[in-house]
Amino acid sequence: MSQAFKIALLGNPNCGKSTIFNLLTGLNQKIGNFPGVTVDKKIGSFRTADHSTIQIIDLPGTYSLYPNSEDERVVTEILSNPSGKDYPDLILYIADASNIEKHLLLFTQAVDLNLNVMLLLNMIDVADHKGIKIDKVKLEQALGVPVFMINGRNGDGLDEVKSQIDLYRNSDYKRTNPTFYFDKNSLNANVYQKVSSEFGQENLYLSKLWLHHYSWLQHLSDQQKDTLDNLALSSKFENVKSQIEDTLARFDRIVPVVKKTVSQPTVIKNSRSEKYDKVLSHYLWGPVIFFSIMFLVFQAIYSWSELPMTWIEEGFIGLSGIIQEQLPSGWATDLLTEGILAGLGGILVFVPQIAILFLLISLLEESGYMARAVYMFDGLMQKFGLNGRSIVALISGGACAIPAIMSTRTIGNWKERMITIMVTPLISCAARIPIYTVLIGLLVPSESKWGPFNLQGTIFMGLYLIGILSALGLAWIMKLVLKSREASSLMLELPEYKTPVARNVFFTVKEKVSTFVTEAGKVILVISIALWFLASYGPSEQMEAASIEAEEKALLDGLTMAEQASLESSLKLEKSYAGIFGKNIEPAIEPLGFDWKIGISLLTSFAAREVFVGTMSTIYSVGSEDESSVREKMAEAVDPETGLKVYTFATTLSLLIFYIFAMQCMSTFAIVKRETKSYKWPIFQFVLFAAMAYFGSWITFSALS
Numbered sequence: 001m002s003q004a005f006k007i008a009l010l011g012n013p014n015c016g017k018s019t020i021f022n023l024l025t026g027l028n029q030k031i032g033n034f035p036g037v038t039v040d041k042k043i044g045s046f047r048t049a050d051h052s053t054i055q056i057i058d059l060p061g062t063y064s065l066y067p068n069s070e071d072e073r074v075v076t077e078i079l080s081n082p083s084g085k086d087y088p089d090l091i092l093y094i095a096d097a098s099n100i101e102k103h104l105l106l107f108t109q110a111v112d113l114n115l116n117v118m119l120l121l122n123m124i125d126v127a128d129h130k131g132i133k134i135d136k137v138k139l140e141q142a143l144g145v146p147v148f149m150i151n152g153r154n155g156d157g158l159d160e161v162k163s164q165i166d167l168y169r170n171s172d173y174k175r176t177n178p179t180f181y182f183d184k185n186s187l188n189a190n191v192y193q194k195v196s197s198e199f200g201q202e203n204l205y206l207s208k209l210w211l212h213h214y215s216w217l218q219h220l221s222d223q224q225k226d227t228l229d230n231l232a233l234s235s236k237f238e239n240v241k242s243q244i245e246d247t248l249a250r251f252d253r254i255v256p257v258v259k260k261t262v263s264q265p266t267v268i269k270n271s272r273s274e275k276y277d278k279v280l281s282h283y284l285w286g287p288v289i290f291f292s293i294m295f296l297v298f299q300a301i302y303s304w305s306e307l308p309m310t311w312i313e314e315g316f317i318g319l320s321g322i323i324q325e326q327l328p329s330g331w332a333t334d335l336l337t338e339g340i341l342a343g344l345g346g347i348l349v350f351v352p353q354i355a356i357l358f359l360l361i362s363l364l365e366e367s368g369y370m371a372r373a374v375y376m377f378d379g380l381m382q383k384f385g386l387n388g389r390s391i392v393a394l395i396s397g398g399a400c401a402i403p404a405i406m407s408t409r410t411i412g413n414w415k416e417r418m419i420t421i422m423v424t425p426l427i428s429c430a431a432r433i434p435i436y437t438v439l440i441g442l443l444v445p446s447e448s449k450w451g452p453f454n455l456q457g458t459i460f461m462g463l464y465l466i467g468i469l470s471a472l473g474l475a476w477i478m479k480l481v482l483k484s485r486e487a488s489s490l491m492l493e494l495p496e497y498k499t500p501v502a503r504n505v506f507f508t509v510k511e512k513v514s515t516f517v518t519e520a521g522k523v524i525l526v527i528s529i530a531l532w533f534l535a536s537y538g539p540s541e542q543m544e545a546a547s548i549e550a551e552e553k554a555l556l557d558g559l560t561m562a563e564q565a566s567l568e569s570s571l572k573l574e575k576s577y578a579g580i581f582g583k584n585i586e587p588a589i590e591p592l593g594f595d596w597k598i599g600i601s602l603l604t605s606f607a608a609r610e611v612f613v614g615t616m617s618t619i620y621s622v623g624s625e626d627e628s629s630v631r632e633k634m635a636e637a638v639d640p641e642t643g644l645k646v647y648t649f650a651t652t653l654s655l656l657i658f659y660i661f662a663m664q665c666m667s668t669f670a671i672v673k674r675e676t677k678s679y680k681w682p683i684f685q686f687v688l689f690a691a692m693a694y695f696g697s698w699i700t701f702s703a704l705s
């Protein structure tokens, strides 16, 4: 079976690569990781006219093959390893047609690696709007590669690209006029020649990349790295000086090409983005607008999701009822209805809220607004020992701490990156939404209003603000404790404002929601089954004693059969293995206002925060004939000893405070370990956040009870 033809999409950040990727692949795409790293690997495919499959890899955006971050390193690793499994047969180089000069640096490096390249000038509509004219024929002649004018917003020009890919793949076509920008007579030409001779490969620019990056290139063996190290030392090779020399030499060749082939308008008007930025990026109004937008996002999460959430809850309740009616009673039916369906229903009901969150965040990112947030808050972030790019991690943390922590690789300063990693889990993530939704619903009814605003949404944003303020406070303390001599800097390109592309937004929401459901679903399924068993069975003597106690109390109090069955289920739950475990840890959490059922949920939710709701669904469903939702069951839960509601105002608020601070996520622990390459930081982080959660809850409960 022949291997699929591989195409890689290459280009600078904000060049429209993801848009082109979505246009070419549609639904035929998946997310993985590049070998040996945690960087996302987006792979898709499309069918050609002759029904052949073309594989496409969307490489991370980078400005050059001299990387400064983990994402950029992945690109250099792939393109400097001709024998690697991800090495492309063809490069589709995506460049911004309105800013060609800057985007050609990386292009010339790809050409010098003797890669087969096609140049796709994207955003041609933006270039036309600015009055920029490009002579395509002259540009092709000057660069020696096919050039295509495309519009990623509507797909104009992509059919021609596909046809050219077919011609290229089915022929012996190679670049007929390769243009090499690498100066073979440069300062270090001799050492590059030595590397080339040593490893038996002819491309001098590839030798240069190996010499620059040998310490972390995965495809090189330790012996090869030692050889390169010795060659660098013996030749007195200066890495930084060589990079600067190469970059300046490339622009010396790029600039004349652009001047001959691209004409700029004689009068340059202020762009639409510049006009918008006078307000949206204003030093005073910018932050006000930003927080107003965030406030509306949280309002929308509640107000837009209530109806679909109700439908999902009623659907699971109805499905459970049908199964109980159609299947014979027994442990298998109980497992399906009280364990699996209760657990999954308890988490899937929150999919509308997760989808709305990612939809709105994706719209902000697609429009170019999020880059402005980085720019606006850089000065403020610096005061807390952070970086403007930290705002990306903190905002991303509102979705999930794992990619947020991974995004800190773009922060060059070690101290700022470490502080960002440490404080990011304090930002309430999407996995906390189910917990917040249930508990806020116990605090205030959904119809409560604060003027024109939903009070639940207002409290929801308040919880996020507590997390944000705590993160900034901890960051400020760490700024004083951690020492570093590295200078802080922020290099950022502000993209043009643009109308979000519906296709891109759809794929982003689909990917994020699918990941949330599948990853959480797998964990919840396992935990729900285990919990059902632990909550349904226990030591035989104690379970029999619970049945006898229920019978005696029923006779004494004159209970009906249904009331006796409910009482027996409650007593058996306490005597079950789960109940015994929960009772053992109850003394430690009782000062926080928590009972043993909450204690079980706290422990299981370390697998993933959202498991809390699934656990509560299972616990309250075991042995119960009541088919109401988990939110209703928790609202009606009563302490059998006191006769009072379990979820009082003090207990509910205490639990909310606990989940604001607690790092209840083993995946976050793992990713912090991987990013810091040490167990010291994640252990410190976990202990610190656990202490903050415990004492924060204790103070809250003590003050309100």
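Mapping the sequence shown onto the numbering used here, position 94 (from 1) lands on 94, and the numbers just tick up by one. Every residue gets a Cβ at the ideal spot worked out from N, C-alpha and C, and that includes glycine.
- In this structure, Glu366 sits away from Ser390, with a CB-CB distance that is not shorter than 9 Å.
- Here Val117 is bridged, per DSSP, to Ile91.
- Under the three-state reduction of DSSP, Lys184 is assigned to coil, being neither helix nor strand.
- According to the DSSP secondary-structure assignment, Lys483 is paired through a beta bridge with no residue.
- Straight through space, the alpha carbons of Gly385 and Gly16 are spaced by roughly 32 Å.
- If you ignore the 5 residues before and after Met561, its C-beta comes within less than 6 Å of no other C-beta in its own chain.
- Comparing C-alpha distances from Thr676 to each of Gly441, Lys512, Ile421, Met692 shows the shortest one belongs to Ile421.
- Burial state of Asn190 is exposed, judged by a 10 Å Cβ sphere holding fewer than 16 other Cβ atoms.
- Straight-line measurement puts the Cα of Gly152 at about 42 Å from the Cα of Ile440.
- Judged by DSSP secondary structure, Val423 falls within the alpha helix (DSSP H) whose first and last residues are 414-423.
- Beta bridge pairing from DSSP links Met149 with Leu121.
- For Glu496, the closest alpha carbon among the candidates Lys130, Leu79, Ile54 is that of Lys130.
- The straight-line gap separating the alpha-carbon atoms of Thr333 and Lys597 is approximately 23 Å.
- Around the CB of Gly457, 16 or more other CB atoms lie within 10 Å, so the residue is classed as buried.
- The Cβ atoms of Ile301 and Ile356 sit closer than 9 Å to each other.
- DSSP places Gly11 in the uninterrupted beta strand (DSSP E) bounded by 5-11.
- Counting only unbroken stretches of 4 or more residues, the alpha helix (DSSP H) elements lying wholly within the segment 549-604 are 561-575, 577-589, 596-604, in sequence order.
- Residue state for Ile356 is assigned as helix, using DSSP reduced to three classes.
- In the DSSP annotation of this structure, the continuous segment of the beta strand (DSSP E) that includes Ile56 starts and ends at 53-58.
- Taking 9 Å as the cut-off, the beta carbon of Ile466 is found closer than this to the beta carbon of Ile657.
- In the DSSP assignment, Asp156 forms a beta bridge with Asn151.
- For Pro500, there is no enclosing alpha helix (DSSP H), as DSSP marks it with neither H nor E.
- For Pro256 and Ala110, the gap between their C-alpha atoms comes out near 19 Å.
- Following the DSSP letters along the chain, one finds Tyr205 inside the alpha helix (DSSP H) bounded by residues 204-213.
- Within the same chain, Lys130, Gly131, Ile132 come within 8 Å of Pro265 by CB-CB distance, once the 5 residues on both sides are set aside.
- Of the other Cβ atoms in all chains shown, 16 or more fall within 10 Å of the Cβ of Arg73; this residue is therefore buried.
- Counting along the chain, Leu65 sits inside no alpha helix (DSSP H), nor does DSSP assign it H or E at all.
- It is roughly 10 Å from the alpha-carbon of Gln542 to the alpha-carbon of Ile548.
- Per DSSP, Leu143 is one residue of the alpha helix (DSSP H) stretching across 136-143.
- DSSP places Arg272 in the uninterrupted alpha helix (DSSP H) bounded by 272-280.
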